[in-house]
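> Got a structure for you, written out below as structure tokens; questions coming shortly.
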Amino acid sequence: MEGINTVELAVFIAFFVVVTALGFGAARWRRAENLMHLDEWGLGGRSFGTWITWFLIGGDIYTAYTFVAVPALVFGAGAAGFFAVPYTVVVYPLIFLVVIRLWSVSHVRGFVTPADFVRSRFDSPTMALLVAITGIVATMPYIALQLVGIEAVLKTMGVTGELPIIVAFVILAVYTYSSGLRAPALIAFVKDILIYLTIIVAVIVIPTKLGGWDVVFGAAEEKFSLSGTGGLLLPGTGQVQYATLALGSALALFLYPHSITGVLAAKSRGTLQKNMSLLPIYSLALGFIALLGFMAIAAGTEPIGADNNTIVPALFQQMFPSWFAGVAFAAVGIGALVPAAIMSIAAANLFTRNIYKEYLKKDATPTQEAKVAKLASLVVKLGAVAAIIFIDPQFSIDLQLIGGVIILQTLPSVGIGLYTRWFHRGALVAGWVVGMVAGFLMLYSVQRVGPDGTVVKEHFAGSAFSLSKLGFDTTTTVYAGFLAVAANLLVVVLVTFVLRAMKVDDGVDGTADTDYTAEREDPSVRDLPDPLGETPTTAGEGSGRG
Amino acid sequence: MTDQPPTTSRRAADLAPRRSDKNPWNWLLLLPIVLPLLVPVFNRAEPELFGWPFFYWVQLAFVVVGVVTTSLVHRAHQRGKRG
Numbered sequence: 001m002e003g004i005n006t007v008e009l010a011v012f013i014a015f016f017v018v019v020t021a022l023g024f025g026a027a028r029w030r031r032a033e034n035l036m037h038l039d040e041w042g043l044g045g046r047s048f049g050t051w052i053t054w055f056l057i058g059g060d061i062y063t064a065y066t067f068v069a070v071p072a073l074v075f076g077a078g079a080a081g082f083f084a085v086p087y088t089v090v091v092y093p094l095i096f097l098v099v100i101r102l103w104s105v106s107h108v109r110g111f112v113t114p115a116d117f118v119r120s121r122f123d124s125p126t127m128a129l130l131v132a133i134t135g136i137v138a139t140m141p142y143i144a145l146q147l148v149g150i151e152a153v154l155k156t157m158g159v160t161g162e163l164p165i166i167v168a169f170v171i172l173a174v175y176t177y178s179s180g181l182r183a184p185a186l187i188a189f190v191k192d193i194l195i196y197l198t199i200i201v202a203v204i205v206i207p208t209k210l211g212g213w214d215v216v217f218g219a220a221e222e223k224f225s226l227s228g229t230g231g232l233l234l235p236g237t238g239q240v241q242y243a244t245l246a247l248g249s250a251l252a253l254f255l256y257p258h259s260i261t262g263v264l265a266a267k268s269r270g271t272l273q274k275n276m277s278l279l280p281i282y283s284l285a286l287g288f289i290a291l292l293g294f295m296a297i298a299a300g301t302e303p304i305g306a307d308n309n310t311i312v313p314a315l316f317q318q319m320f321p322s323w324f325a326g327v328a329f330a331a332v333g334i335g336a337l338v339p340a341a342i343m344s345i346a347a348a349n350l351f352t353r354n355i356y357k358e359y360l361k362k363d364a365t366p367t368q369e370a371k372v373a374k375l376a377s378l379v380v381k382l383g384a385v386a387a388i389i390f391i392d393p394q395f396s397i398d399l400q401l402i403g404g405v406i407i408l409q410t411l412p413s414v415g416i417g418l419y420t421r422w423f424h425r426g427a428l429v430a431g432w433v434v435g436m437v438a439g440f441l442m443l444y445s446v447q448r449v450g451p452d453g454t455v456v457k458e459h460f461a462g463s464a465f466s467l468s469k470l471g472f473d474t475t476t477t478v479y480a481g482f483l484a485v486a487a488n489l490l491v492v493v494l495v496t497f498v499l500r501a502m503k504v505d506d507g508v509d510g511t512a513d514t515d516y517t518a519e520r521e522d523p524s525v526r527d528l529p530d531p532l533g534e535t536p537t538t539a540g541e542g543s544g545r546g
Numbered sequence: 001m002t003d004q005p006p007t008t009s010r011r012a013a014d015l016a017p018r019r020s021d022k023n024p025w026n027w028l029l030l031l032p033i034v035l036p037l038l039v040p041v042f043n044r045a046e047p048e049l050f051g052w053p054f055f056y057w058v059q060l061a062f063v064v065v066g067v068v069t070t071s072l073v074h075r076a077h078q079r080g081k082r083g
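Read top to bottom, the protein sequences are chains W and S. Letter 148 of the first sequence, counting from 1, is numbered 148 in full-length UniProt numbering, and no numbers are missing. Letter 1 of the second sequence, counting from 1, is numbered 1 in full-length UniProt numbering, and no numbers are missing.
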């Protein structure tokens, strides 16, 4: 790694400039009369068709960090890292019927965030606040991790220092500010074309150069049997962890505010259903991306500075001519910008709707809401940059691990709440508290032990919780988030029974049964004249307040 | 906060007609949810395909199962809407 690779860097910068121009131009794309409304800035006018939704949600879920971290995991641990594939297979059929209900009720009631829904459904500002805070806290480290993806690429090109990342993020912040959700939607096209191009070329060229797939898998097998950690297949004790991690992550994915933002921006139920069957195409690509980890083993690629996250960029640099490596790096770099933009918009929407409007300024006009959201998106991104610069990146990785576990704790209110209102609002709060505490304690207890038996990392060393800690005589491990949400649900059910028996008031449902199957052509609350004569657009949240 | 009755719920029933998202085809969705979680069944190397151990190629095959089943269910819903 002597100095900077100028060809790679030139290609990378060229793509970056194109994307920046697109980002600013996006404000004019599918132009709305007025961008100063949260529906426009924060949800792209709720008008995206099948293709745009596909690129947007794809850009949302399959992030730069995924492209960098999944193969790094496979490189280091083998089969266990492949969980990303079953995870993204399970998720779409799992939520196929659920997200369309969320879309419908949000369409009718004008909800912008999952917390808006909880507020109205369970008549509980407290639970809504908890959902909003959980969402913001889970999203922040996710944004920071996108920077880790860019950093891995820059490091490989020989660019060091924090300035380039700051510049990239400032540009991103400014065009997200002016264009809102339209910017990542447009940029996602470029990102995915580059990603698919890179993957197709990599999957054909690299194994051929190395002598075939059996050589790739053979080299991996040899490495794992020599090192004694990891393997081509899962150890017997790791199978439950693999399945529960896949299922738990799948349940968590569409609770993340940024996924919900992508869902609500779609134009109809049909658009979403079609997407649930088209999005797995990304999972196929992800499977091949994961195997880049084995290709790196076969090619004898060394990560830069012992940072496993650089393994894929280093492999590309070794295998591809400089100009094409530049294209691949641009794919990863842009792959970081798209989700970072959507995540910051989602976090900003949550802050605006469920903290600012709920607690700070109840009579905020739509223009004020949009203004606050735009500023909040800037703050969120600056926070992410600061986190990467001033705090050890490992801290962001730990936080993101926790993020997956805590966002799962909104499953009873946001997920199951779409089907039943049986849960009592008080019970939901109690379950959330128990799930959070349990999840945090379990993650805290996870240690990493080196091959020689010494403890390498004391806390937060992964999400695999050993059942033996609960007194079971077994070496089996389970995904901590899975156990935490099970505890959460148990408490919700028990406390609901108790509160119902005590006849504690559980508020008024602000939604109607028919909301959940509403189609695009059905009218929404804002088409109606306001019944209480409040400010014109608050009918959505005004409901349910008896 | 007024003590008016919550009228909005009742008005919403007027907003959207009564529909149902129930459909026998929905059960098909269980297949791609259950298959990838049966880890002990596919945690093996044989049979290989193009040099890929079973564990790896079968999970990519599950992606195809997912695409096919969700497409079929989507079609069934579309038919239900028209019919």
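Beta carbons: idealized from backbone N, C-alpha and C, even for Gly.
Output yes if chain S places a C-beta closer than 8 Å to the C-beta of residue 274 of chain W; else output no.
On the first sequence, residue 274 of chain W is found 274 positions in, with the first residue counted as 1. At least one chain S Cβ lies under 8 Å of residue 274 of chain W.
> Identify the contact partners of residue 44 of chain S in chain W, using a Cβ-Cβ distance below 8 Å as the criterion.
As a first step, residue 44 of chain S is located in the second sequence; it is residue number 44 there, counting from the start. 233, listed in chain order.
> Under three-state DSSP, which class holds residue 455 of chain W?
The sequence position of residue 455 of chain W within the first sequence is 455, counting from 1. DSSP places residue 455 of chain W in strand when its eight states are reduced to three.
> Assess, as a yes-or-no matter, whether the region 423 to 433 of chain W is touched by the region 172 to 179 of chain W under the definition of 3 or more beta carbon pairs within less than 8 Å.
The answer is no - the region 423 to 433 of chain W does not touch the region 172 to 179 of chain W, with fewer than three Cβ pairs under 8 Å.
> Specify the secondary structure class of residue 375 of chain W as computed by DSSP and reduced to three states.
The residue given as residue 375 of chain W occupies position 375 in the first sequence. Reduced to three states, the DSSP call for residue 375 of chain W is helix.
> What residue does the beta strand (DSSP E) around residue 464 of chain W start on, and which one ends it?
Taking the first residue of the first sequence as position 1, residue 464 of chain W is located at position 464. It spans 464 to 466 - the beta strand (DSSP E) in which residue 464 of chain W sits, taken as one unbroken run.
> Are the C-beta atoms of residue 418 of chain W and some chain S residue less than 8 Å apart?
Against the first sequence, residue 418 of chain W aligns to sequence position 418. No, residue 418 of chain W does not count as interfacial toward chain S.
> Let me know if residue 211 of chain W comes out buried or exposed under the rule of 16 or more other beta-carbons within 10 Å of its beta-carbon.
On the first sequence, residue 211 of chain W is found 211 positions in, with the first residue counted as 1. Exposed.
> Please report how far the alpha carbon of residue 467 of chain W lies from the alpha carbon of residue 476 of chain W, in whole angstroms.
Here residue 467 of chain W refers to the residue found at position 467 of the first sequence. Here residue 476 of chain W refers to the residue found at position 476 of the first sequence. Answer to the nearest angstrom: the Cα atoms are 6 Å apart.
> With a CB to CB cut of under 8 Å and the five nearest residues on each side skipped, what residues in its chain are close to residue 77 of chain S?
In the second sequence, counting from the first residue as 1, residue 77 of chain S sits at position 77. 21, 23 and 25.
> Could you say if the region 217 to 236 of chain W and the region 47 to 60 of chain W meet the contact criterion of at least three C-beta pairs nearer than 8 Å?
No, because fewer than three Cβ pairs between the region 217 to 236 of chain W and the region 47 to 60 of chain W fall closer than 8 Å, the two stretches do not touch.
> DSSP state of residue 233 of chain W, grouped into three classes?
The sequence position of residue 233 of chain W within the first sequence is 233, counting from 1. Coil at residue 233 of chain W, not helix or strand.
> What is the residue span of the beta strand (DSSP E) that residue 477 of chain W lies within?
The residue you call residue 477 of chain W lines up with position 477 of the first sequence. Per DSSP, residue 477 of chain W belongs to the beta strand (DSSP E) from 477 to 479.
> Considering Cα atoms alone, identify which of W:43, W:12 and W:144 is closest to residue 30 of chain W.
Within the first sequence, residue 30 of chain W is the residue found at index 30, counting from 1. Considering only alpha carbons, the answer is W:43.
> Can you have a look at residue 265 of chain W and say buried or exposed, based on whether 16 or more other CB atoms are within 10 angstroms of its CB?
One-based indexing of the first sequence puts residue 265 of chain W at position 265. Classification for residue 265 of chain W: buried.
> Give me the residue from W:246, W:424 and W:382 with the minimum Cα distance to residue 167 of chain W.
In the first sequence, counting from the first residue as 1, residue 167 of chain W sits at position 167. Among W:246, W:424 and W:382, the Cα nearest to that of residue 167 of chain W is on W:382.
> For the region 292 to 344 of chain W, which segments carrying the alpha helix (DSSP H) assignment without a break, of at least 4 residues, lie completely within its bounds, in sequence order?
Counting whole runs of 4 or more residues, the region 292 to 344 of chain W contains the alpha helix (DSSP H) stretches 311 to 319.
> Check the Cβ of residue 86 of chain W against every Cβ in chain S and list those closer than 9 Å, keeping chain order.
Taking the first residue of the first sequence as 1, we reach residue 86 of chain W at position 86. Neighbours of residue 86 of chain W on chain S, chain order: 35, 36, 37, 39, 59 and 62.
> Tell me, to the nearest whole angstrom, how far the beta carbon of residue 4 of chain W is from that of residue 102 of chain W; I am working on the premise that it is less than 8 Å.
Walking along the first sequence from the start, residue 4 of chain W turns up at place 4. Walking along the first sequence from the start, residue 102 of chain W turns up at place 102. No, residue 4 of chain W and residue 102 of chain W are not in contact; Cβ-Cβ is about 47 Å, not under 8 Å.
> Where residue 114 of chain W and residue 68 of chain W are concerned, what is the direct C-alpha to C-alpha distance, given to the nearest angstrom?
Within the first sequence, the letter at position 114 stands for residue 114 of chain W. Within the first sequence, the letter at position 68 stands for residue 68 of chain W. Straight-line Cα distance between these residues: approximately 29 Å.
> Taking buried to mean at least 16 other C-beta atoms within 10 Å of its own C-beta, is residue 104 of chain W buried or exposed?
Position 104 of the first sequence, counted from the first residue, corresponds to residue 104 of chain W. Buried: at least 16 other Cβ atoms inside 10 Å.
> So, for residue 417 of chain W: in the same chain, excluding its five sequence neighbours on each side, which residues have a beta-carbon less than 6 Å away from its beta-carbon?
As a position in the first sequence, residue 417 of chain W is number 417, starting the count at 1. Excluding sequence neighbours, residue 417 of chain W sits near 121.
> Looking only at its chain, what residues have a beta carbon closer than 6 Å to the beta carbon of residue 331 of chain W, apart from the 5 residues adjacent to it on each side?
Here the question's residue 331 of chain W lines up with position 331 in the first sequence. Taken in chain order, the residues that qualify are 194, 195 and 198.
> Is it the case that the Cβ atoms of residue 311 of chain W and residue 75 of chain W are separated by a distance below 8 Å?
Walking along the first sequence from the start, residue 311 of chain W turns up at place 311. Walking along the first sequence from the start, residue 75 of chain W turns up at place 75. Contact: yes.
> Can you tell me the Cβ-Cβ gap for residue 257 of chain W and residue 350 of chain W, rounded? I've got them flagged as a contact below 8 Å.
Within the first sequence, residue 257 of chain W is the residue found at index 257, counting from 1. Within the first sequence, residue 350 of chain W is the residue found at index 350, counting from 1. About 6 Å; that satisfies the 8 Å criterion.
> Just to confirm, are residue 402 of chain W and residue 441 of chain W a CB contact at a threshold of 8 Å?
Here residue 402 of chain W is taken as the residue at index 402 of the first sequence, counted from 1. Here residue 441 of chain W is taken as the residue at index 441 of the first sequence, counted from 1. Their beta carbons are not under 8 Å apart, which means residue 402 of chain W does not touch residue 441 of chain W by this criterion.
> What would DSSP say about residue 48 of chain W, mapped onto helix, strand or coil?
The residue given as residue 48 of chain W occupies position 48 in the first sequence. Note: residue 48 of chain W maps to strand in three-state DSSP.
> Reducing DSSP to helix, strand and coil, say where residue 29 of chain W ends up.
Against the first sequence, residue 29 of chain W aligns to sequence position 29. Coil at residue 29 of chain W, not helix or strand.
> Does the separation of the CB atoms of residue 108 of chain W and residue 506 of chain W fall below 8 Å?
Counted from its first residue, the first sequence places residue 108 of chain W at position 108. Counted from its first residue, the first sequence places residue 506 of chain W at position 506. Cβ atoms of residue 108 of chain W and residue 506 of chain W: not closer than 8 Å.
> Just how far apart, CA to CA, sit residue 493 of chain W and residue 161 of chain W?
Stepping through the first sequence from its first residue, residue 493 of chain W is reached at position 493. Stepping through the first sequence from its first residue, residue 161 of chain W is reached at position 161. Cα-Cα distance, rounded: 52 Å.
> Indicate the three-state DSSP secondary structure (helix, strand or coil) for residue 422 of chain W in the structure shown.
Mapped onto the first sequence, residue 422 of chain W falls at position 422. The answer is coil: DSSP assigns residue 422 of chain W none of H, G, I, E or B.
> Hey, could you find the ends of the alpha helix (DSSP H) residue 121 of chain W is sitting in?
As a working mapping, residue 121 of chain W is identified with position 121 in the first sequence. From DSSP, the alpha helix (DSSP H) with residue 121 of chain W extends over 114 to 121.
> Using 8 Å as the threshold, is the C-beta distance between residue 33 of chain S and residue 93 of chain W below it?
On the second sequence, position 33 is the one that residue 33 of chain S refers to. On the first sequence, position 93 is the one that residue 93 of chain W refers to. Cβ atoms of residue 33 of chain S and residue 93 of chain W: closer than 8 Å.
> Using a C-beta to C-beta distance shorter than 8 Å, which residues of chain W count as neighbours of residue 84 of chain S?
Any question about residue 84 of chain S goes unanswered here, given that chain S covers just 1 to 83.
> Can you have a look at residue 238 of chain W and say buried or exposed, based on whether 16 or more other CB atoms are within 10 angstroms of its CB?
Position 238 of the first sequence holds residue 238 of chain W. It is buried - the Cβ of residue 238 of chain W has at least 16 other Cβ atoms within 10 Å.
> Along chain S, in chain order, which residues have C-beta atoms closer than 9 Å to that of residue 264 of chain W?
Indexing the first sequence from 1 puts residue 264 of chain W at position 264. Per Cβ cutoff of 9 Å: no residues; residue 264 of chain W is ~17 Å from chain S at best.
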